[in-house]
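Report on one structure; see the data block that follows.
Residue numbers (our numbering): 877 to 1195.
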């Protein structure tokens, strides 16, 4: 299907990492009616408020990019919060979309939905085939519930609701919080501050051996727009770059981008998390999409954007 550029399209979480990139993509594609609401005006945990919002705005397409997110520390220490809030967001928005006739909806999950020791690269069929990573069970279970809701509304009501599972993301408008951020923004902030303070070393959690796949959020937005136009399968679809790096390799590249001259020290008393996580994105590649932005290029642009926005002078979390 070709998206009607005159129809109202809702981006939940438009101020966050994914939502801001999606909003920019929709603007670039010429969409004239992009509906967004900040958290202060629309609490997605409030079922009645979400239903009123959909009813009053006649939403035709919806992207659910809103979520409570964080790095390994936040995920592991606030599992109840991550499970509850992400469950409520998924249930409230997907149900309100159904009740108010949204034509097509995309739910955004995460590669953390897959088992800790899934075969690599991870195919979509690996879902629910083994135990989850202990440090982020709450978040993962909520995301699994969201994608299953999309499946069930499709089966029972014939809704065109799809779900996409991105790999580890980064880019402008990420959460650069000192303790609650993901690996790239957290590492970037620590190296920047170490450079500014002239510190001799930066400490990274774990051994540095785990392997991770990273995708710049601009590449993700291109993939999601394509999927919203052409993808109609019930099964979730992976979105990854196909390139993986050890945390040690990431730290070395980050050091170069930031211009930090000190040492990198790994604290092996801290957890590594999942040992390897590479998505099998062959189904997406078959649709003609591939990532364009290299890791070093993406890190450099993300760092430049953070400096321009004064991110490192505040502890504020991007919502």
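Every residue gets a Cβ at the ideal spot worked out from N, C-alpha and C, and that includes glycine.
Everything numeric in this text was worked out from a predicted model, so none of it was measured.
Contacting residues, own chain, Cβ-Cβ under 6 angstroms from residue i (five flanking each side not counted)
| i | result |
| --- | --- |
| residue 938 | 886, 973, 978 and 981 |
| residue 994 | 1002 |
Residue i - partner residues in DSSP beta bridges
| i | result |
| --- | --- |
| residue 1092 | 1046 |
| residue 1029 | Paired residue(s): none; residue 1029 is not in a bridge. |
| residue 1039 | 983 |
| residue 939 | 887 and 982 |
| residue 1121 | 1088 |
| residue 998 | 1155 |
| residue 1142 | 1080 |
Inter-residue CB distance, residue i and residue j (contact presumed, cutoff 8 angstroms)
| i | j | result |
| --- | --- | --- |
| residue 962 | residue 943 | 5 angstroms |
| residue 991 | residue 1008 | 6 angstroms |
| residue 1047 | residue 1189 | Going by Cβ atoms, the distance from residue 1047 to residue 1189 rounds to 20 angstroms, so no, they are not a contact pair. |
| residue 1026 | residue 983 | 5 angstroms |
Residue i, DSSP secondary structure in three states
| i | result |
| --- | --- |
| residue 1155 | strand |
| residue 911 | strand |
| residue 1137 | coil |
| residue 1108 | coil |
| residue 923 | helix |
| residue 1241 | Limits of the chain in this structure are 877 at one end and 1195 at the other, which puts residue 1241 out of reach. |
| residue 1087 | strand |
| residue 1052 | coil |
| residue 1077 | strand |
| residue 1193 | For residue 1193, the predicted model reports a pLDDT of 43, less than 50, meaning its position is unreliable; a value from the coordinates is still stated below. DSSP places residue 1193 in coil when its eight states are reduced to three. |
| residue 957 | helix |
| residue 1114 | strand |
With 16 other Cβ atoms within 10 Å as the buried cut-off, status of residue i
| i | result |
| --- | --- |
| residue 1164 | exposed |
Cβ shell of residue i (< 8 angstroms), same chain only, five flanking positions each side left out
| i | result |
| --- | --- |
| residue 1166 | 1118 |
| residue 1006 | 991, 992, 993 and 994 |
| residue 1176 | 1133 |
| residue 1082 | 1123, 1142, 1143, 1144, 1146, 1147, 1148 and 1149 |
Residues near residue i by beta carbon distance below 7 angstroms, same chain, minus five either side
| i | result |
| --- | --- |
| residue 1067 | 1078, 1130, 1131, 1134 and 1136 |
| residue 1045 | 893, 894, 1091, 1093 and 1096 |
| residue 898 | 887, 939, 941, 1097 and 1100 |
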